[in-house]
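Residues in the sequence shown are numbered from 1 upward in steps of one, following the working numbering.
Reviewing the structure listed below.
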Amino acid sequence: MRQQHYFLPTLRENPAESETISHQLMIRAGLARQLASGIYSYLPLGLRVLQNIQRIVREEMNRAGAQELVMPAIQPAELWQETGRWDAYGPELMRLKDRHDRNFVLGPTHEEVITSIARDEVRSYKKLPFNLYQIQTKYRDERRPRFGVIRAREFIMKDAYSFDKDSEGLDKSYQAMYDAYVRIFTRCGLHFRAVEADAGAIGGKGTHEFMVLSEIGEDTIAYCSSCSYAANLEKAEVVKQEVQPLEERKLSIEKVSTPNVTTIEELSEFLSVPREKVIKSLLYVADGQPVLALIRGDHELNEIKLKNVFDANVLEMATPEQVKEWINSSIGYIGPIGVTGVKIVADYAVESLVNGITGANEEGYHYVNVNPGIDFSVHLYTDLRNIQEGDVCPHCSDIIQFAKGIEVGHVFKLGTKYSEKLGAVFLDENGKEQPMVMGCYGIGISRTIAAIIEQNHDENGIIWPVSVAPFHVHIIPVNMKQKNQVLVAEEIYQKLKNTGLEVLLDDRQERAGVKFNDADLIGIPIRITVGSKVDEGLIELKVRKTGESREIKVDELVEQIQSLLETI
Ligand code: ATP
Ligand code: MG
Numbered sequence: 001m002r003q004q005h006y007f008l009p010t011l012r013e014n015p016a017e018s019e020t021i022s023h024q025l026m027i028r029a030g031l032a033r034q035l036a037s038g039i040y041s042y043l044p045l046g047l048r049v050l051q052n053i054q055r056i057v058r059e060e061m062n063r064a065g066a067q068e069l070v071m072p073a074i075q076p077a078e079l080w081q082e083t084g085r086w087d088a089y090g091p092e093l094m095r096l097k098d099r100h101d102r103n104f105v106l107g108p109t110h111e112e113v114i115t116s117i118a119r120d121e122v123r124s125y126k127k128l129p130f131n132l133y134q135i136q137t138k139y140r141d142e143r144r145p146r147f148g149v150i151r152a153r154e155f156i157m158k159d160a161y162s163f164d165k166d167s168e169g170l171d172k173s174y175q176a177m178y179d180a181y182v183r184i185f186t187r188c189g190l191h192f193r194a195v196e197a198d199a200g201a202i203g204g205k206g207t208h209e210f211m212v213l214s215e216i217g218e219d220t221i222a223y224c225s226s227c228s229y230a231a232n233l234e235k236a237e238v239v240k241q242e243v244q245p246l247e248e249r250k251l252s253i254e255k256v257s258t259p260n261v262t263t264i265e266e267l268s269e270f271l272s273v274p275r276e277k278v279i280k281s282l283l284y285v286a287d288g289q290p291v292l293a294l295i296r297g298d299h300e301l302n303e304i305k306l307k308n309v310f311d312a313n314v315l316e317m318a319t320p321e322q323v324k325e326w327i328n329s330s331i332g333y334i335g336p337i338g339v340t341g342v343k344i345v346a347d348y349a350v351e352s353l354v355n356g357i358t359g360a361n362e363e364g365y366h367y368v369n370v371n372p373g374i375d376f377s378v379h380l381y382t383d384l385r386n387i388q389e390g391d392v393c394p395h396c397s398d399i400i401q402f403a404k405g406i407e408v409g410h411v412f413k414l415g416t417k418y419s420e421k422l423g424a425v426f427l428d429e430n431g432k433e434q435p436m437v438m439g440c441y442g443i444g445i446s447r448t449i450a451a452i453i454e455q456n457h458d459e460n461g462i463i464w465p466v467s468v469a470p471f472h473v474h475i476i477p478v479n480m481k482q483k484n485q486v487l488v489a490e491e492i493y494q495k496l497k498n499t500g501l502e503v504l505l506d507d508r509q510e511r512a513g514v515k516f517n518d519a520d521l522i523g524i525p526i527r528i529t530v531g532s533k534v535d536e537g538l539i540e541l542k543v544r545k546t547g548e549s550r551e552i553k554v555d556e557l558v559e560q561i562q563s564l565l566e567t568i
């Protein structure tokens, strides 16, 4: 490609409101442009990278036995009503009407469509298993689109769906996808971890997220410093620990005046007690029912764990009115003592508290010397809190550490949730009707570009891994007025292209400094500079990643580049 007429608008300045390096560099290096919030065009250079990622994804999906198809982005509302997701998906679902006033959605994902295809076309166990995938544009009206293409409203996803006759089959399909994902992200040059995650609203039994380790990641990963355990914070299990109470002798409960003291911090300061002695009481509504959750003052409630305890579809914090109605208290003074008609669940760590402090369900008052089991009882002690750094690993006895991650992929055992709702059944070996057992597997193709940039850049620009680079080699004639430089650059360009490499020739009438800056910014792995020494048959070869440069003879070029591309 000749750069003179290549559509590659680079920028010196960072765009306004770009919070992350990858967002800045994608705009500055001319990969993408924003059309509206969370909606992007990919310019030619960006599209090349997208296509390279897609090629890797296709190769590995095909290798794993999946078959490519394409489904429509526009989907009829009826299908979504059948699975209940027309309501459950909420405002993230982009809805529209046709001219006959019929409702449609712009697909955020394709479980409904793929399951309806399987339902209509598959009758017998003999056709199972199969795995279908597509690479396609998805729509989600995200509450907070941000970080450029990382959280967009229109984005490109690879989504695959497996259909098996039983759960053993699903386990195999799942493992094949898991292994393919490891190969895909490794080939994309990423440092990542597969972490256990919560099954969430999609339902199902097992799920892993593929997380690219990065400071800007929106997810927190809890991982063990010695074994292979890694889980999303929302999922990471806190095992019940034997805790030595701060005090031995249990004292009698007492009501104390705590005017205008409503937060844990204020309370621990006001009473001069450590936060560990406070029992935080939080009133929630789980599918319409009130539940009181108790955790220790120095811990954080994990709402997903609470939601899972009640197997609830919707869990919300109670409003001040509901707090008044159900436990006759005001926010800031809630406590478990004297509460009736409300399920009380407590975190393991609350059980061993001695002489704790709780709200008195009365404005301006707390109880001190509260002892669980004596002063109040709970329905269940369980794991309700977020794991913390330094906690014990649930798999071995070492300690947990935290890292931040960008979710680039997700594998999920759906089970029969969609096949049952949509009637995707088959006849088994005994002629008995069974629901198909499904898995779904997503990769954020467009998010992956940004994740690659987050992990591969320096202060001058992007450093593409060879596997996804838009071009392999960037040729820069230093002085376009020197005929010989232009001539040799042109010769090299043709020669390298003939070997099958992707080559960009900077034939612009620009100063060398401008060309070099742009070259660093767009980050092609190998740069060849054709300068004055070309008269002696010498050119410079520079590796973007290491900065290493060497002078070589023109006729050694092809060999040198080929071996370099294999090693960097
Ligand atoms: P997130 O928690 O980041 O919103 P998700 O759990 O909603 O992700 P999935 O439904 O599992 O995502 O979608 C599969 C993949 O699609 C994700 O792993 C991610 O890489 C990508 N993805 C999801 N939402 C977006 C988005 N708004 N913009 C870009 N990529 C996305
Ligand atoms: Mg999401």
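For every residue, glycine included, the Cβ atom is placed at its ideal position computed from N, Cα and C.
Residue nearest to residue i in terms of C-alpha spacing, selected from the options
i	options	result
Gln434	Ala160, Val122, Ala403 and Glu196	Val122
Glu215	Ile453, Ser467 and Phe185	Ile453
Tyr42	Leu93, Asn328, Ile156 and Met94	Ile156
Ser162	Glu154, Phe130, Val149 and Val57	Phe130
Arg95	Lys138, Gln34 and Leu69	Lys138
Gln24	Asp141, Lys481 and Ile462	Ile462
Pro15	Gln3, Tyr6 and Ala32	Ala32
Thr115	Leu79, Val105 and Ile304	Leu79
Arg447	Tyr441, Tyr284, Gly409 and Phe426	Gly409
Ser549	Ile528, Glu559, Val534 and Gly537	Ile528
Phe7	Asp506, Val554 and Glu559	Asp506
Ile443	Asp87, Gln136 and Met1	Gln136
Gly46	Val503, Lys481, Val488 and Phe471	Phe471
Val437	Lys165, Leu496 and Glu254	Lys165
Asn517	His474, Pro91, Glu559 and Leu294	His474
Ile387	Leu292, Tyr40, Ala403 and Ile117	Ala403
Val543	Ile117, Pro465, Leu496 and Lys483	Pro465
Inter-residue spacing [alpha-carbon to alpha-carbon] between residue i and residue j
i	j	result
Cys188	Ile522	17 Å
Cys227	Val182	19 Å
Ile27	Glu247	59 Å
Gln81	Ile221	35 Å
Ala469	Met177	25 Å
Thr416	Gly439	9 Å
Val195	Ser532	53 Å
Asp535	Tyr493	17 Å
Glu572	Gly359	Residue numbering for the chain in the displayed model covers 1 to 568; residue 572 lies beyond these limits and cannot be assessed.
Asn232	Gly206	13 Å
Ser173	Ala286	34 Å
Val350	Arg58	50 Å
Leu11	Gln34	14 Å
Leu414	Glu111	10 Å
Lys126	Val70	24 Å
Val432	Glu68	First, the residue type needs correcting, since residue 432 is Lys and not Val in the sequence shown. Approximately 30 Å, taken between the alpha carbons.
C-beta atoms of residue i and residue j nearer than 8 Å
i	j	result
Tyr133	Pro108	no
Ile399	Tyr367	no
Leu564	Ile526	yes
Leu384	Lys280	no
Leu283	Val323	yes
Pro259	Gly364	yes
Ala519	Ile476	yes
Leu422	Arg119	yes
Leu271	Asn355	no
Val339	Ile357	no
Tyr333	Ala160	no
Where the alpha helix (DSSP H) containing residue i begins and where it ends
i	result
Phe185	Ser167 to Arg187
Asp87	Arg85 to Ala88
Gln418	Correcting the residue type first, residue 418 is Tyr in the shown sequence and not Gln. That run of the alpha helix (DSSP H) goes Lys417 to Leu422.
Phe516	Ala512 to Ile522
Ala29	Taken as a continuous stretch (DSSP letters only), Ala29 belongs to no alpha helix (DSSP H), as it is neither H nor E.
Ser268	Ile264 to Phe270
Terminal residues of the beta strand (DSSP E) in which residue i lies
i	result
Gln322	Gln322 -> not in any beta strand (DSSP E); alpha helix (DSSP H) instead, spanning Pro320 to Ile327.
Arg544	Here Arg544 belongs to no beta strand (DSSP E), and DSSP marks it neither H nor E.
Asp159	Glu154 to Asp164
Lys138	Phe130 to Tyr139
Gly359	Gly356 to Gly359
Gln434	Glu433 to Pro435
Met211	Thr207 to Leu213
Ile74	Ile74 to Pro76
Ser330	Counting along the chain, Ser330 falls outside any beta strand (DSSP E), and DSSP gives it neither H nor E.
Next on the checklist: Tell me whether the region 458 to 469 and the region 161 to 169 touch, counting them as touching only if at least three CB pairs, one residue from each stretch, are closer than 8 Å.
Outcome noted: No, the region 458 to 469 is not in contact with the region 161 to 169.
Counting pairs of Cβ atoms below 8 Å between the region 259 to 278 and the region 293 to 308, do you hit three or more?
Using a Cβ-Cβ distance cut-off of 8 Å, the region 259 to 278 and the region 293 to 308 are in contact, since at least three pairs of beta carbons, one from each stretch, lie closer than that value.
Practice prompt. Check whether the region 386 to 406 touches the region 235 to 251, taking contact to mean three or more Cβ pairs, one atom from each stretch, closer than 8 Å.
Written response: Remark: three or more beta-carbon pairs, one from each stretch, lie closer than 8 Å, so the region 386 to 406 and the region 235 to 251 are flagged as touching.
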